[in-house]
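Basically the numbering used here = 1-based index in the sequence shown + 185.
Ideal placement from N, C-alpha and C gives every residue a C-beta, glycine not left out.
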Amino acid sequence: MRIPYALLVISLVSAGATAQEYVVPKTEWGVPNFHGVWKHATIMPFERPVELGEKRAYTEEEALVLEGAVQQKFEEANEPLSPDRAPPEVGEALPSLGNYDLFWREDAKFIPTIDGEFRTSAITDPANGRMPERVAGFSARMAARGGRGRNSDGPEGRGLGERCLLNGNFGSPVMRPSIYNSLLMFNQSPGYISITTEMAHDTRIVKIADEHNPAAAVQRKWMGSSIGRWEGNTLVVETKHYNNWQTLYGVPTENLTIIETFRRDSNNKMIYGFTVDDSTVFTEQFSGEYALSRIEENIYEYACHEGNYGMTGILGGARRLESLGLEP
186 MRIPYALLVI SLVSAGATAQ EYVVPKTEWG VPNFHGVWKH ATIMPFERPV ELGEKRAYTE
246 EEALVLEGAV QQKFEEANEP LSPDRAPPEV GEALPSLGNY DLFWREDAKF IPTIDGEFRT
306 SAITDPANGR MPERVAGFSA RMAARGGRGR NSDGPEGRGL GERCLLNGNF GSPVMRPSIY
366 NSLLMFNQSP GYISITTEMA HDTRIVKIAD EHNPAAAVQR KWMGSSIGRW EGNTLVVETK
426 HYNNWQTLYG VPTENLTIIE TFRRDSNNKM IYGFTVDDST VFTEQFSGEY ALSRIEENIY
486 EYACHEGNYG MTGILGGARR LESLGLEP
């Protein structure tokens, strides 16, 4: 059921009014307590639509219109289909919601506020809310590098998600929301914090330390090497030394450093910030924020490879095309 927008605004305003009075709960060893399950969902895009220029936030009225349009889209898509409908035409495009119906999807329908703003994009710096230009010669370098996860010669040629190794769109680098399985579970112990994603059940372990283990630069993990430190009530995490197969929106991450911040804004809200730095890819750094919502739910097993007929179908289809003398 949709929460009446007026009540939502009152709730957000009330939360903002008490934000300065909020006392961050602490663990037994005296650091901010992030333990629990947090939902990472928003209709706010990672990059700002070009037509919005440097418009950082919507007004409440604009946010209402945007949220209403998204909800209307889902209500229309959830209407029952007629059993007497004509079959789709060959080559007909999928519905606007894609090939997952609403039974599977858990898309957000609201824009959570960050510091009282209905943000137009997660990225806030640079001012246009978009990823910076690539450095000179980057396209040529990528062409020479060759595609990864783009061929069907064998399972190793497919993407990490298809191989059930990692869902980089949600876990790291830069944790971004998904259309479903959008929960994050934080567990803490003295000296460590783990972040487990519901999607693909990946777990990143953040060690509270001053320096990365030198071995991390040689034996590179899928989610990189993460070390953290406390700056007041904010956890600051530096992650680098990503596995060479990891990517961020299709660009390589072997020279990438991500600085993340985590701070509790209220009992039910955490602000997750990120700064992306890679001078071999981007002409400048870029930064942004997401709002996470604490929920009283559990994360259950994500079993990606059980009944994974997709992989055998993809490879079997490629072999069939080859037998016909066609390119897979």
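First and last residue of the alpha helix (DSSP H) that includes residue i?
i: G473; result: No alpha helix (DSSP H) holds G473; the beta strand (DSSP E) holding it covers F471 to I480.
i: I296; result: No alpha helix (DSSP H) holds I296; DSSP gives it neither H nor E.
Going by DSSP in three states, residue i sits in which element: helix, strand or coil?
i: P217; result: strand
i: V275; result: coil
i: L506; result: helix
i: P399; result: helix
i: K425; result: strand
i: P268; result: coil
i: F259; result: helix
i: R448; result: strand
i: T305; result: coil
i: G409; result: coil
i: R389; result: strand
i: T227; result: coil
i: I456; result: strand
i: V461; result: strand
i: A312; result: coil
i: Y243; result: strand
i: G346; result: coil
i: N384; result: In the sequence under discussion, the amino acid at residue 384 is Met, which differs from the Asn named in the question. Coil.
i: G253; result: helix
i: I364; result: coil
i: Y485; result: coil
i: G495; result: helix
i: E512; result: coil
i: E291; result: coil
What residue does the beta strand (DSSP E) around residue i start on, and which one ends it?
i: T468; result: Run containing T468: none; DSSP gives neither H nor E here.
i: V320; result: First-last for V320: undefined, no H or E at that position.
i: Y434; result: Neither: Y434 is in no beta strand (DSSP E) and is coded neither H nor E.
Taking the Cβ atom as the reference point for each residue, do residue i and residue j lie within a distance shorter than 7 Å?
i: R479; j: V209; result: no
i: V421; j: V391; result: no
i: P230; j: S306; result: yes
i: F459; j: V359; result: yes
i: G413; j: I393; result: yes
i: Q373; j: H220; result: yes
i: A248; j: F303; result: yes
i: V250; j: I228; result: no
i: G344; j: N352; result: no
i: Y475; j: A385; result: no
i: I308; j: E232; result: yes
i: S337; j: P513; result: yes
i: E318; j: I484; result: no
i: H426; j: A400; result: no
i: S451; j: Y207; result: yes
i: N418; j: P217; result: yes
i: P340; j: R348; result: yes
Rounded C-beta distance between residue i and residue j? I'm assuming under 8 Å.
i: S357; j: M316; result: About 17 Å separates the two Cβ atoms, so there is no contact after all.
i: P375; j: W214; result: 5 Å
i: P362; j: H225; result: 5 Å
i: Y457; j: F447; result: 6 Å
i: Y365; j: E291; result: 4 Å
i: S410; j: T424; result: 7 Å
i: D463; j: T497; result: Actually they do not touch by this definition, with Cβ atoms about 36 Å apart.
i: R405; j: N428; result: 5 Å
i: E236; j: N313; result: Going by Cβ atoms, the distance from E236 to N313 rounds to 11 Å, so no, they are not a contact pair.
i: L368; j: E482; result: 7 Å
i: E252; j: K294; result: 6 Å
Give me whichever residues DSSP pairs with residue i in a beta bridge.
i: K211; result: P217
i: V235; result: Partner(s): none; V235 has no beta bridge.
i: N372; result: S379
i: L420; result: W415 and F447
i: V222; result: M370 and I480
i: T442; result: D462
Could you check whether the Cβ of residue i sits closer than 6 Å to any heavy atom belonging to the ligand GTP?
i: R241; result: Looking for the ligand GTP in the displayed structure turns up nothing, as the structure carries no ligands at all.
Tell me, please, whether the CB atom of residue i is closer than 7 Å to any CB atom in chain C?
i: E260; result: Note that chain C does not occur in the displayed structure, where there is just one protein chain.
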